[in-house]
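**Student:** Quick note, the sequences are listed as chains L and S, same order. full-length UniProt numbering puts the first residue of the first sequence at 1, with every later residue one more than the last. full-length UniProt numbering puts the first residue of the second sequence at 1, with every later residue one more than the last. Glycine included, every Cβ here is placed at the ideal spot set by N, Cα and C.
Number of protein chains: 2
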Amino acid sequence: MKTITLAHGNGGQENNELISKVFYKAFKNDILDKSEDAAVIEDGNLAFSTDSFTVSPLFFNGADIGKLAICGTCNDLAMMGAKPKYLTCSVIIEEGFDKRTLDKIVKSMKEELEVNGAIIVSGDTKVVPRGSVDKIFINTTGIGEIQYKGISSNNITSEDTILVSRDIGAHGATIFASREGIDMNTNLKSDCASLYPQVKALIDADLKITALRDATRGGVSAVLNEWAKQSNICIEVEEASIPISDEVTGICELLGFEAMALANEGTFVLAIKNEDAQKALEILKQTNETASIIGSVSAEHLGKVVLNSAWGTKRFLELPTGELLPRIC
Amino acid sequence: MKTITLAHGNGGQENNELISKVFYKAFKNDILDKSEDAAVIEDGNLAFSTDSFTVSPLFFNGADIGKLAICGTCNDLAMMGAKPKYLTCSVIIEEGFDKRTLDKIVKSMKEELEVNGAIIVSGDTKVVPRGSVDKIFINTTGIGEIQYKGISSNNITSEDTILVSRDIGAHGATIFASREGIDMNTNLKSDCASLYPQVKALIDADLKITALRDATRGGVSAVLNEWAKQSNICIEVEEASIPISDEVTGICELLGFEAMALANEGTFVLAIKNEDAQKALEILKQTNETASIIGSVSAEHLGKVVLNSAWGTKRFLELPTGELLPRIC
Numbered sequence: 001m002k003t004i005t006l007a008h009g010n011g012g013q014e015n016n017e018l019i020s021k022v023f024y025k026a027f028k029n030d031i032l033d034k035s036e037d038a039a040v041i042e043d044g045n046l047a048f049s050t051d052s053f054t055v056s057p058l059f060f061n062g063a064d065i066g067k068l069a070i071c072g073t074c075n076d077l078a079m080m081g082a083k084p085k086y087l088t089c090s091v092i093i094e095e096g097f098d099k100r101t102l103d104k105i106v107k108s109m110k111e112e113l114e115v116n117g118a119i120i121v122s123g124d125t126k127v128v129p130r131g132s133v134d135k136i137f138i139n140t141t142g143i144g145e146i147q148y149k150g151i152s153s154n155n156i157t158s159e160d161t162i163l164v165s166r167d168i169g170a171h172g173a174t175i176f177a178s179r180e181g182i183d184m185n186t187n188l189k190s191d192c193a194s195l196y197p198q199v200k201a202l203i204d205a206d207l208k209i210t211a212l213r214d215a216t217r218g219g220v221s222a223v224l225n226e227w228a229k230q231s232n233i234c235i236e237v238e239e240a241s242i243p244i245s246d247e248v249t250g251i252c253e254l255l256g257f258e259a260m261a262l263a264n265e266g267t268f269v270l271a272i273k274n275e276d277a278q279k280a281l282e283i284l285k286q287t288n289e290t291a292s293i294i295g296s297v298s299a300e301h302l303g304k305v306v307l308n309s310a311w312g313t314k315r316f317l318e319l320p321t322g323e324l325l326p327r328i329c
Numbered sequence: 001m002k003t004i005t006l007a008h009g010n011g012g013q014e015n016n017e018l019i020s021k022v023f024y025k026a027f028k029n030d031i032l033d034k035s036e037d038a039a040v041i042e043d044g045n046l047a048f049s050t051d052s053f054t055v056s057p058l059f060f061n062g063a064d065i066g067k068l069a070i071c072g073t074c075n076d077l078a079m080m081g082a083k084p085k086y087l088t089c090s091v092i093i094e095e096g097f098d099k100r101t102l103d104k105i106v107k108s109m110k111e112e113l114e115v116n117g118a119i120i121v122s123g124d125t126k127v128v129p130r131g132s133v134d135k136i137f138i139n140t141t142g143i144g145e146i147q148y149k150g151i152s153s154n155n156i157t158s159e160d161t162i163l164v165s166r167d168i169g170a171h172g173a174t175i176f177a178s179r180e181g182i183d184m185n186t187n188l189k190s191d192c193a194s195l196y197p198q199v200k201a202l203i204d205a206d207l208k209i210t211a212l213r214d215a216t217r218g219g220v221s222a223v224l225n226e227w228a229k230q231s232n233i234c235i236e237v238e239e240a241s242i243p244i245s246d247e248v249t250g251i252c253e254l255l256g257f258e259a260m261a262l263a264n265e266g267t268f269v270l271a272i273k274n275e276d277a278q279k280a281l282e283i284l285k286q287t288n289e290t291a292s293i294i295g296s297v298s299a300e301h302l303g304k305v306v307l308n309s310a311w312g313t314k315r316f317l318e319l320p321t322g323e324l325l326p327r328i329c
């Protein structure tokens, strides 16, 4: 690695390499080593997570950069069993940006904060000359109150079942279609949504949750591969059980993508004790009926994800690599 | 305000207008209303603050964007009497950025974290196409443990004395000189430094601290004006007592700036009970002998800052306005 390439921001293999070889290496500590969606601090009582948002276009079918900036950070907290509580908001705005557009973005943020019951308590505003930033970038960083302790991507075993909360790839497909000027004339829209309400429902039902992760950059494929490595297990996925909408399938065929590697912004993967899998599925279906049990854990190929086709063939699902779509989130 | 201009990021009047009319208006809550350097949360036990860094050039005399990114956020925590504890680090990197330069920046961050006794516990890395960002922007957001409660810019009274911790304007003058290609052939360098050690010394000495604020964008002038408004007091400053180095004076004369409005990144203003002012001064002088008592509080012009010249004339020191230097931090 001599220069940083777009692939280093793909949420996949090169991204992990950049993070481990530059940032984790310098900042090494026990909390970072866990590689969770959010840091667990203050005796396990608080979760803490950051995300910067650079999505282009700023407005797209289903959401905008404002809603995305709140969902993204709140979801990382929710994925650690935490209720989002306090957020900071730091914006970098290009000189000449339209004030009404900024108001629209801020309004989206406000609405999504309410869904989470969270508030913005600190902020920073920078304005930079034309050409120093493309329109607006937003960082949100959040603190959540952990309501269910012990969630970790490092503890998944053969006693767990793997589910996804809804059909996958909608955010990635929407941004692709929007940038390519493809008018699908369909219902294709980003899945961008706050996940805390669903996590709360799972916690309230007293289910035994092992791990949660929202499948953002790198998609479901990245989550499953990271889990397989972190827990040193083999995750076996039934290809036929992966929920993919016709619209996303259409975009994938048109542009040659794999839905499993497409980004999501309101879709999570769940590892839950086998005996609670059916109950979890019922709860997830109350929000989206496409929720599905997609796999199980075996000891066949440790650290790997195996995709079982309907025809009985098997293949490894690899961690996404190469230049996936930049500025997807 | 129809479009966002560079002036809206100046740390002065227009910046305050943007923050109050767009962000505070939408996100309104009791914590934001206090307008402190960091939010006080969790029953007054934790401070929480965010900052994004866009400084240009990335490396300058005395520091670089990495050191600045750690000092900036840790200092905001220290200004609330807090020990910096956990930080997040979110970077947005332009495609093609040199990996060794990134390593140098990260190394600076690591060194400065150690000065504060803080660790990075969560991060985010985005890589965006050429032209979407100028080189690299870094957001840091921090949580600090409050060790001295009750610090607030809203409680300053005539029982307080106003000090600055060292000679002012060095950061702003350094960045100006560097961008203009002025080789001062002198010792001019940014004051960029972590302030927690000095705050800790003040706390350990059991002094009665009323308010602390690091004089970043908008300089000492912005801090004093905000304090005068927030506490509804008149701050009277003795012009002759303001410490300004010859190098900064030189840059100011050359380029027509006022040192009081120049940005600092390791200089703070202190409001302390009159009886403790001398002790505070002695402690500050241990770090930098230019520390100085610069003013007092009166009831003459509430909400205003009055500058008393050595010749007995008085003038108001206004909140900085207009396009100050963008990308100063």
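1) Any beta carbon of chain L sitting closer than 8 Å to that of residue 335 of chain S?
2) In three-state terms, what does DSSP make of Pro197 of chain L?
3) Do you know offhand how far Lys83 of chain L's Cα is from Gly44 of chain L's?
4) Residues of chain L with CB closer than 9 Å to the CB of Pro326 of chain S, please, in chain order.
5) Under 8 Å between C-beta atoms, does Leu102 of chain S make it to chain L?
6) Return yes when at least one heavy atom of the ligand ZN lies under 7 Å from the C-beta of Glu145 of chain S, else no.
7) Using the beta-carbon of each residue, which ones in chain L are nearer than 8 Å to Val164 of chain S?
8) In chain L, what lies closer than 7 Å to Ala215 of chain S by C-beta?
9) Classify Asn139 of chain S as helix, strand or coil using the three-state DSSP reduction.
10) Please determine, among S:Lys104, S:Leu325, S:His8, the residue with the shortest C-alpha to C-alpha distance to Arg179 of chain S.
11) For Leu98 of chain S, does the count of other Cβ atoms within 10 angstroms reach 16, so buried, or fall short, so exposed?
12) In angstroms with no decimal places, state the Cα-to-Cα distance between Val305 of chain L and Phe316 of chain L.
13) So Thr174 of chain S packs on Phe60 of chain S, CB below 8 Å; how close in whole Å?
14) Taking the beta carbon of Lys149 of chain S as the centre, do at least 16 other beta carbons fall within 10 Å, making it buried, or is it exposed?
15) Can the beta-carbon of Ile136 of chain S be found less than 8 Å from the beta-carbon of Ile203 of chain S?
16) Rounded to a whole number of angstroms, what is the C-alpha to C-alpha distance between Arg327 of chain S and Tyr24 of chain L?
17) Looking only at its own chain, which residues have a Cβ that is under 6 Å from the Cβ of Thr125 of chain S, when we skip the five neighbours before and after it?
18) Excluding the five sequence neighbours on either side, which residues of its own chain have a C-beta within less than 7 Å of the C-beta of Ala193 of chain S, listed in chain order?
19) Going straight from the alpha carbon of Ile310 of chain L to that of Ala240 of chain L, what length do you get?
20) Cβ of Ile65 of chain S within 8 Å of Cβ of Val55 of chain S?
21) Would you list, in chain order, the members of the segment 2 to 23 of chain L that have their beta-carbon closer than 7 Å to a beta-carbon of chain S?
22) May I ask you to report which of helix, strand or coil DSSP gives residue 354 of chain S?
23) What would DSSP say about Lys83 of chain L, mapped onto helix, strand or coil?
24) Report the CB separation of Val127 of chain S from Thr3 of chain L in whole angstroms; it is logged as a contact under 8 Å.
25) Over what stretch of residues does the beta strand (DSSP E) that includes Arg315 of chain L continue unbroken?
26) Quick one: grab the DSSP three-state call for Ile244 of chain S.
27) Return helix, strand or coil for Thr210 of chain L, following the three-state DSSP convention.
28) I'd like to know whether the C-beta atoms of Leu319 of chain L and Gly12 of chain L end up nearer to each other than 8 Å.
29) How would you call Glu95 of chain L, buried or exposed, if buried means at least 16 neighbouring beta carbons within 10 angstroms?
30) Have a look at L:Thr321, L:Leu18, L:Asn274 and flag the residue whose alpha-carbon is nearest the alpha-carbon of Gly123 of chain S.
31) Can you find a C-beta in chain L that's less than 8 Å from the C-beta of Ile146 of chain S?
32) Mind listing, in chain order, the continuous alpha helix (DSSP H) runs of no fewer than 4 residues lying wholly within the UniProt domain "PurM-like C-terminal" (159 to 306) of chain S?
33) Taking only the alpha-carbon atoms, compute the straight-line gap between Ala39 of chain S and Glu289 of chain L and give it to the nearest angstrom.
34) Does the distance from the CB of Leu302 of chain L to the CB of Asn225 of chain L come in under 8 Å?
35) Confirm, please, whether the CB-CB distance from Leu77 of chain S to Gly142 of chain S is below 8 Å.
36) From what residue to what residue does the beta strand (DSSP E) around Ile41 of chain L run?
**Tutor:** According to the structure shown:
1) The structure shown does not extend to residue 335 of chain S, since chain S spans only 1 to 329, so no value can be given for it.
2) helix
3) 13 Å
4) Glu95, Lys126, Val127, Val128, Pro129, Ser132
5) yes
6) Summarising the ligand content, the structure contains no ligands, and the ligand ZN is consequently not present.
7) Here the premise fails: no neighbours, minimum Cβ distance about 23 Å.
8) Simply none; closest approach about 16 Å.
9) strand
10) S:Leu325
11) Note on residue identity: the sequence assigns Asp, not Leu, to residue 98 of chain S. Classification of Asp98 of chain S: exposed, given that the 10 Å Cβ count is below 16.
12) 6 Å
13) 6 Å
14) exposed
15) no
16) 28 Å
17) Val91
18) Cys71, Gly266
19) Reading the sequence as shown, one finds Ala at residue 310 of chain L and not Ile. Straight-line Cα distance between these residues: approximately 6 Å.
20) yes
21) Lys2, Thr3, Ile4, Thr5, Leu6, His8, Gly9, Asn15, Leu18, Ile19, Val22, Phe23
22) This structure cannot settle anything about residue 354 of chain S, because the visible part of chain S is limited to 1 through 329.
23) strand
24) Between Thr3 of chain L and Val127 of chain S the Cβ distance is about 10 Å, and since that is not below 8 Å, they are no contact.
25) 314 to 316
26) coil
27) strand
28) yes
29) buried
30) L:Leu18
31) no
32) 170 to 180, 196 to 204, 219 to 230, 246 to 255, 277 to 287
33) 41 Å
34) no
35) yes
36) 39 to 41
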